[in-house]
Structures are given as structure tokens and as C-alpha cells.
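Engineer: Position 185 (the sequence shown) corresponds to 669 in our numbering; numbering is contiguous. Would you mind keeping the following structure in view while I ask a few things?
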Amino acid sequence: MPNVVIFFLSTDVKYDHGFQMSFARENWHKISLFIVIIVLLWQGVWHFGPFKTIVYPKHSSFDDWCQLPDTNSHVPSNDNLSPSLDMTTEVSRKQQVERLSAAVRCPTESFDDNGDVDVDPRWSTFDKFHEVLKDLFPLIHDRAKLDKVNRYGLVFTLKGTSENLKPIMFTAHQDVYIWGRGSSDCKNNLIGIMSAVEKLLEQDWKPRRTVLLAFGFDEETGGVRGAAEIAKELERTWGRDGIAMILDEGGMGLTTVGNYVYARPAVAEKGYMDAVLTLEVPGGHSSRPPPHSGIGIMAEMIVGLEGNPFQPVLTRSNPLRGYLECQAKYTPGELEPWLRKALERDNDGKDIAERLADERGLSIRFSMQTSQAVDIIRGGDKVNALPQTIEATVNYRIAPHDSLDIVKNKITTLLKPIAQKHNIKIQPFRTGNDSQPTTNAISSKPQDSYQGTLYLKSLNDLSPSPISPTGLQNNIWRTFSATIRQVFEDTKSLAGKKIIPVGDIMQGNTDTIQYWNLTRNIYRFSPAREGTRFGVHAVDEHIDMMAHLEGMRVYYDVIRNFDAAGI
485 MPNVVIFFLS
495 TDVKYDHGFQ
505 MSFARENWHK
515 ISLFIVIIVL
525 LWQGVWHFGP
535 FKTIVYPKHS
545 SFDDWCQLPD
555 TNSHVPSNDN
565 LSPSLDMTTE
575 VSRKQQVERL
585 SAAVRCPTES
595 FDDNGDVDVD
605 PRWSTFDKFH
615 EVLKDLFPLI
625 HDRAKLDKVN
635 RYGLVFTLKG
645 TSENLKPIMF
655 TAHQDVYIWG
665 RGSSDCKNNL
675 IGIMSAVEKL
685 LEQDWKPRRT
695 VLLAFGFDEE
705 TGGVRGAAEI
715 AKELERTWGR
725 DGIAMILDEG
735 GMGLTTVGNY
745 VYARPAVAEK
755 GYMDAVLTLE
765 VPGGHSSRPP
775 PHSGIGIMAE
785 MIVGLEGNPF
795 QPVLTRSNPL
805 RGYLECQAKY
815 TPGELEPWLR
825 KALERDNDGK
835 DIAERLADER
845 GLSIRFSMQT
855 SQAVDIIRGG
865 DKVNALPQTI
875 EATVNYRIAP
885 HDSLDIVKNK
895 ITTLLKPIAQ
905 KHNIKIQPFR
915 TGNDSQPTTN
925 AISSKPQDSY
935 QGTLYLKSLN
945 DLSPSPISPT
955 GLQNNIWRTF
965 SATIRQVFED
975 TKSLAGKKII
985 PVGDIMQGNT
995 DTIQYWNLTR
1005 NIYRFSPARE
1015 GTRFGVHAVD
1025 EHIDMMAHLE
1035 GMRVYYDVIR
1045 NFDAAGI
């Protein structure tokens, strides 16, 4: 309860004369207003701490934290479809082994230097993959409308009977890191989605709600030819915010803590930027060097950046906060003793974040902090020649509370005094392929001992994603999260455990970066238990087949539940 100061007010008002009546009435209005303010303070609209004048209002009461959806209200009782549990039989397991093996055997790598689809012959392997999918899923190819976008992007449309229901969309990517990969990133998702739809069509199912399957082909290299082109087509067809929900790969899967299991679909992704620092300085012979060579100056700049990292901040909107509240409510033994009180106090999040990051380490720090990594540096041609051009590339993954402009401004601010020290002028940030010279260089103070220019450029600029809703007041989240509970509380592997669906934040990116215009409800969730997906982008990538079957159940029941819901 907030600390409250109670004032006892006493008035001695005489009513003998009109003047006194007017004076009393005027003062009574002031007194009434003052009493209202005191009452509001007492009710906690503002919170007065012992050492602070005003702090933020409480985020919510502890009882309101991490509310779970009801599972029973989301099970269709009259769709005459077989339960998803039927998809975990031995017959189904063998079928999935065959389907996933066939998909993985087909090479579908995407390369950083791929050209356009009509020019680069390496894309032709996707033609074979499409034939494999046609053989594996004949009913989908027979009953759904298939549009090939930019030649290799696949969009299947199963038209619903109700025009009033927005479509739901499932997406995965066809491409892999190298040939033979994809069993857990993410041909398993693609095969699982298509298997769920094929199973529904085997039962002569006719959807009320349109179902879209959208599969890009270059997610591993940014999705600019696949998902980006698919997004344009879908927006032309369905309009901005024309889709009810998108479900893609990602998230943290399911993590077991005692009798509770946290299902953690990602509801947000960090932003992205590569900062390229190019320093141009006079050359010369190494026998007559200046006090600092170009490499030395660049090294000082890198030290300046690394010595001033971004700070963690746990804002109220950061999905991590919701996860911590769930921990406080359901598995308090996993939570630091001080943290629940700090969350209830709900200050600006900086003190909480710093302490939490120090205690839990890197596993949680970069869910709250913009990361900075100096990954590439080039400079110098000969040991007896002073380097004239030195280039460093710094990667940033931008936290939700930061922005591209904040990152660029901080880089410039940190580098400016170092540039001034060496009489280097700074050319402000330009973006991507913008190679036009800038005329408004940031001048450094005159100094005779050195001259040069530092050019700043950003590549692959991506703002942090919108944060998808997770409250039970949102019908989409309520139905989706209830389905997760419904499926996994009905599995042998998690028998007797309670599933806690809660949003998370991804530090990497998926094809959903292209789909922000289509819906505010984007969930990134590869539905697999912890310890069942192995070797992503590494040796012997594989997945536990029972986990794969359980993931299929999620896709199957999401379709059924959304088809029955009038949202």
C-alpha cells in the first residue's frame, strides 16, 4: 500500500453576510478539489515512496500476473474431425520419417551471393523440392490454390466459406543452411504444417476460415526474394492488417521447471544493423610513421565503442517481463528473492535489468540490451607501407526500447572525441548503397599532426519488431495459447504438468520481418520440447520424432480451433 499523508481540514465559515458566503463557497471548491487529490493518492493512482516524490503506477497486482487461458472452451465439439492425438501413432511416425527424410534429402541451400531467380542456376534445386512436396501432399495440391511468387515462393490458399473471418497464415522456409540440414530448421515445420492440413483434407474437411500456407525460399539470407515478395502479394490480396494471425518458426520451445512447463512463443524480434566504419588517412613509408597509424586510430575507436556498451533496460512492454512474472507466480523457487518485490514496485526497469543481467549472465542480458559485436576488420597491404584505408564492421541487435537512430547517434557521439583528437573529420551515417558524398561532415578540431576522414555507413537496417499482444483480452492470443495448453497437457511426455504459455523475445530474425503489415498478431513458435531439437546449423542436425509429431498436433488443432472461433 502506498504511503499516504492524511490531512485533517477544519473550516470555520460564517454565513452572516453575502461576502462571507461567497468567500466560503470559493474556498470550499478549493478544499473539495484538494480532498479528491488526496483520495486519488490513497487509491494508488500515484505512488509516493519514502525517498521519491512520484514513481510509476503499479504494473498490475500479483494476482493478475500470468493468467492462463481456459482450454475446454476452445475444443471444437461438432467438427466431426479426429483428435490430434491420432497423429502420434506408430503409423503416423513412420509416415513422418519418410516425409521429413525426403524433404531433407532434397538440396535447397540459399547462398549469401545468390543472384536473381531467373539468372542464378543454383536456385533450380527448388524445382525438384516442389516436385517432392507435390508427391508427398497430393490433396493439398489438388484442393488448394497454389501461387508461385517470384518463381520459388509457395503460397497455398484453402478458401474458407465465411467472408467475415480473417485468414490465418502458417509460414516456414524451404531453404536450409547447407545440404542435408533442415530436420529442425525448418523443413520439419514445413512438413508438419502440410501434414496437418493433409490430414484435415483426408477427412473431407472444408474450412470456414481461409487458411494460408506461405513458404519463402531464402530466409537464411534475409528473405528479400522469398518472404518479401510473398508479403507484397498477400497485402495486395488481403490488405493491410487483413490476416488474423501468422504462425512462424522461432521462440524458445517448451522448458520444464518441476511440474510446470513454459511454452515460449516469440512475440517480438530485436532490430538489426551493421555499422561499417571506413577510415581513410594518408599513406607513406613505414620508416617515417606518424604517432598513430590508421590501424592504431581505428583500434582506439573500437576500444571506445567496446568500452561503452548499451545498458540493459527491462521496460514494461518487454516480453521478458511477462516471463519473469510467470516465474514469480508459478515457479518462485527459480526466481531471485529480491526480484518479485522489484517487479511489484515497478520502477523504470534500469536497476532491475542491470542486477538481473549481472546475476543471470548472457542468457538473459541481451533480451534487455542492444548487443554490439566488432566482427570484421580490414586494413594494411604491406609491412613497409602505412595503411591508407581501414574498415571495421560492427553488428548491432537492437533491443525493443532502442532504435536505429539511437544506435547511430551513440556511435557518432562516442567516436567524435577520438576523431577530434587525431584531426579526423566524420562523415555522417548513410544507409546501404547510398554512396553519394555528404557535404555536412562533422568537423574535428584543427590539429597539425594528422588528417583523415571517417565514413560511417549502415547496412541491413531493421527496426525492432512490433510486439504482438499476449493478454487474455486479445482473442487471438487467448485461442492460440489455449491450443498450446490443450495439446501439450495431453501428451505422454508432459503428463501431469501444467503448461504456461508466455511471450518471449527473439534475438535473431525470421521471415516475419517481411510480414509486419499483414497483422499485429505474429507468433514465432517451433512447438518442440527442450532437448528435442539438435545441431541447428551444425553437425548432425536432427529432431526427436515424437517432438515432431507433437508439433504437428499444434498446427492441426490451431486450424481447428480458429476455424470454430468467430474472431
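Every residue, glycine too, gets a C-beta built ideally from N, C-alpha and C. Remember, predicted model here, so these are calculated numbers, not experimental data.
(1) With H, G and I counted as helix, E and B as strand and the rest as coil, what does DSSP make of L819?
(2) Would the stretch 820-840 and the stretch 792-802 be scored as touching if the rule is three or more Cβ pairs under 8 Å?
(3) Please identify the residue among V745, V581 and V986 whose C-alpha is closest to the C-alpha of L804.
(4) DSSP state of N879, grouped into three classes?
(5) I need the DSSP call for N958, collapsed to helix, strand or coil.
(6) Below 8 Å CB to CB, which residues in the same chain sit around D865 once its five sequence neighbours on both sides are set aside?
(7) By how many angstroms is the C-alpha of T572 removed from the C-alpha of G742?
(8) Just to check my reading of the structure: F613 and C590 have Cβ atoms closer than 8 Å, yes? What is that Cβ distance to the nearest angstrom?
(9) When the Cα of C810 is compared with those of L978, G845, T954 and T873, which residue comes out closest?
(10) Determine the direct distance from the alpha carbon of D604 to that of F546, and round the result to whole angstroms.
(11) Quick one: measure Cβ to Cβ for I652 and A728, integer angstroms, because I've assumed they're closer than 8 Å.
(12) Taking the DSSP output, what are the residues bridged to P1011?
(13) Contact defined as beta carbons within less than 8 Å: I believe L1033 pairs with R724. What is the distance between those atoms, to the nearest angstrom?
(14) Helix, strand or coil for L827, going by three-state DSSP, please let me know.
(15) For G1050, tell me which candidate among P560, R829, V588 and Y636 has the shortest Cα-Cα distance.
(16) Excluding five sequence neighbours on each side, which residues of the same chain lie with their C-beta closer than 8 Å to the C-beta of Y1040?
(17) In whole angstroms, what separates the C-alpha of D600 from that of S965?
(18) So what does DSSP say about Y1039, is it helix, strand or coil?
(19) Pick out whichever of D597, Q853 and K982 has its Cα sitting closest to the Cα of G706.
(20) Determine the DSSP secondary structure at P691, reduced to helix, strand or coil.
(21) Taking H657 as the reference, give the member of P691, F699 and D619 with the closest Cα.
(22) Quick one: does Y814 have its CB under 8 Å from some CB of chain D?
(23) For I624, which residues in the same chain have their Cβ closer than 7 Å to its Cβ, ignoring the five residues on either side in sequence?
(24) Spell out a yes or no on whether the stretch 981-997 and the stretch 751-770 are touching, meaning 3 or more CB-CB pairs, one atom from each, closer than 8 Å.
(25) Which parts of the stretch 727-767 are runs of the alpha helix (DSSP H), unbroken and 4 residues or longer, counting only runs that do not cross its ends?
(26) With a threshold of 6 Å on Cβ separation, who are the neighbours of T967 within its own chain once the five nearest residues in sequence on each side are excluded?
(27) Taking C-alpha atoms, which residue in T1003, Y999 and M1029 lies nearest to P1011?
(28) What is the rounded straight-line gap between the Cα of R693 and the Cα of T645?
(29) Helix, strand or coil: how does DSSP classify Y807 here?
(30) Jot down the residue ranges of each uninterrupted alpha helix (DSSP H) in the stretch 599-649, minimum 4 residues, whole runs only, in chain order.
(31) Mind checking whether Y744 and K976 have CB atoms under 8 Å apart?
(32) Helix, strand or coil: which one does DSSP assign to L940?
Structural biologist: In short:
(1) Of the three classes helix, strand and coil, the one that applies to L819 here is coil, per DSSP.
(2) Segments in contact, yes.
(3) When only C-alpha atoms are compared, the closest one is V986.
(4) For N879, the secondary structure class from DSSP, reduced to helix, strand or coil, is strand.
(5) Coil, per DSSP.
(6) P871, listed in sequence order.
(7) Each residue's Cα considered, the two are about 25 Å apart.
(8) Indeed they touch by this definition, with Cβ atoms about 5 Å apart.
(9) The shortest Cα separation from C810 among L978, G845, T954 and T873 belongs to T954.
(10) Their backbone Cα atoms lie some 57 Å apart in a straight line.
(11) Indeed, because the Cβ distance is near 5 Å, the residues count as touching under 8 Å.
(12) In the DSSP assignment, no residue is bridged to P1011.
(13) Not quite, the Cβ-Cβ distance comes to about 36 Å (not below 8 Å), so this is no contact.
(14) Helix at L827.
(15) Selection P560, R829, V588 and Y636 evaluated against G1050 yields P560 as nearest (Cα-Cα).
(16) So the qualifying residues of the chain are S568, M571, A680, K683 and L684.
(17) D600 and S965 have their C-alpha atoms spaced approximately 39 Å apart.
(18) Residue state, collapsed to three classes: helix.
(19) Among D597, Q853 and K982, the Cα nearest to that of G706 is on D597.
(20) If DSSP states are grouped into helix, strand and coil, P691 belongs with coil.
(21) Here the closest residue by C-alpha is F699.
(22) Any reference to chain D falls outside this structure, which holds one protein chain only.
(23) Closer than 7 Å at Cβ, skipping near neighbours: F640, M678, V681, E682 and L685.
(24) Note that the stretch 981-997 touches the stretch 751-770; at least 3 beta-carbon pairs, one per stretch, sit closer than 8 Å.
(25) If we require 4 residues or more, the stretch 727-767 turns out to have no alpha helix (DSSP H) run fully inside it.
(26) Around T967: D1041, V1042 and N1045.
(27) Taking only the C-alpha atoms, the option nearest P1011 is M1029.
(28) CA-to-CA, the gap between R693 and T645 works out to about 7 Å.
(29) Three-state DSSP puts Y807 in a helix.
(30) If we require 4 residues or more, the alpha helix (DSSP H) runs fully inside the stretch 599-649 come out as 609-620 and 622-627.
(31) No, the Cβ-Cβ distance between Y744 and K976 is not below 8 Å.
(32) Strand.
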